[in-house]
Amino acid sequence: MCNQFGFEFSSVNRTYSVVQNRNDTFRGNAVSILYDPGKFPALLEKPSTKTLYKRNGGVPQEGNLTEHLEIFERHLDELIPDRNFSGIGIIDFESWRPIYRQNFGSLQPYKDLSVKIERERHPYWSGNHLEREVGKQINCFSSVNDTTTSPVATTKRSHTKRTHYWGSFLKRFQPFEQ
């Protein structure tokens, strides 16, 4: 039952094998969404000034992976305390996309800051060379992040079926694709 709209799912659930939490809860017996768990690098907006500030390096390739994983593990214990949880666990992180070329529009600051950082390190590189290098770095970090965060979730909640909000993109992802 969707409490907000008063919609009964029981016939849809049986027909299409839809999984739903008891009492229409965000985290429950069947599905638990971990929204922005850990300390993924991100550019966040200060509400008072509307300016961006860096969390954990701001951009994927500048983040501290150890710090992220330690906090991710704590969040996992807090948000899914049942070590035998056998539902679906979703890691929902939306600040940036795991594939460089998909960071456009409102996500453009990730590309811009990444290029700026690389330009400071390599002032004589061409714009194309910088773009390629930044693309490799972001794509590589995304792959490393997935191959380290996911095993923590798997080890700590071995009965859980887990996925990522951007999981389908990660599966098709080529590490050095621009």
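Just so you know, full-length UniProt numbering puts 176 at position 176 of the sequence shown, and the rest follows in order with no gaps. Just so you know, even glycine gets a beta-carbon here, dropped at the ideal spot from N, CA and C.
- The beta-carbon separation of P37 and F141, rounded to 17 Å, does not stay under the 8 Å limit for a contact.
- Contact between the segment 134-152 and the segment 60-73 is present: three or more C-beta pairs spanning the two stretches fall below 8 Å.
- Per DSSP, the unbroken beta strand (DSSP E) holding L34 starts and ends at 31-35.
- The beta-carbon separation of L69 and T148, rounded to 6 Å, stays under the 8 Å limit for a contact.
- A Cβ-Cβ distance of about 7 Å is found for the pair L34 and I90, placing them in contact under the 8 Å criterion.
- In summary, K50 is exposed, with fewer than 16 beta-carbon neighbours lying within 10 Å of its beta-carbon over all protein chains present.
- Note: I88 is bridge-paired with V31, K161 in the DSSP secondary-structure output.
- Closest option to T160, judged by alpha-carbon separation, among K111, N128, F85: F85.
- According to the DSSP assignment, K54 belongs to no alpha helix (DSSP H) but to the beta strand (DSSP E) extending over 52-55.
- In the structure shown, E8 adopts coil according to DSSP, grouped into three states.
- Within the same chain, L34, P37, G38 come within 7 Å of H75 by CB-CB distance, once the 5 residues on both sides are set aside.
- By the neighbour-count criterion, in which 16 or more other beta carbons inside 10 Å mark a residue as buried, V134 falls on the buried side.
- Linking R27 to T163 through their CA atoms gives a straight-line distance of about 15 Å.
- Of the candidates H122, Y16, S10, I80, the residue whose Cα lies closest to the Cα of V31 is I80.
- With 16 or more other Cβ atoms inside 10 Å of its own Cβ, E118 counts as buried.
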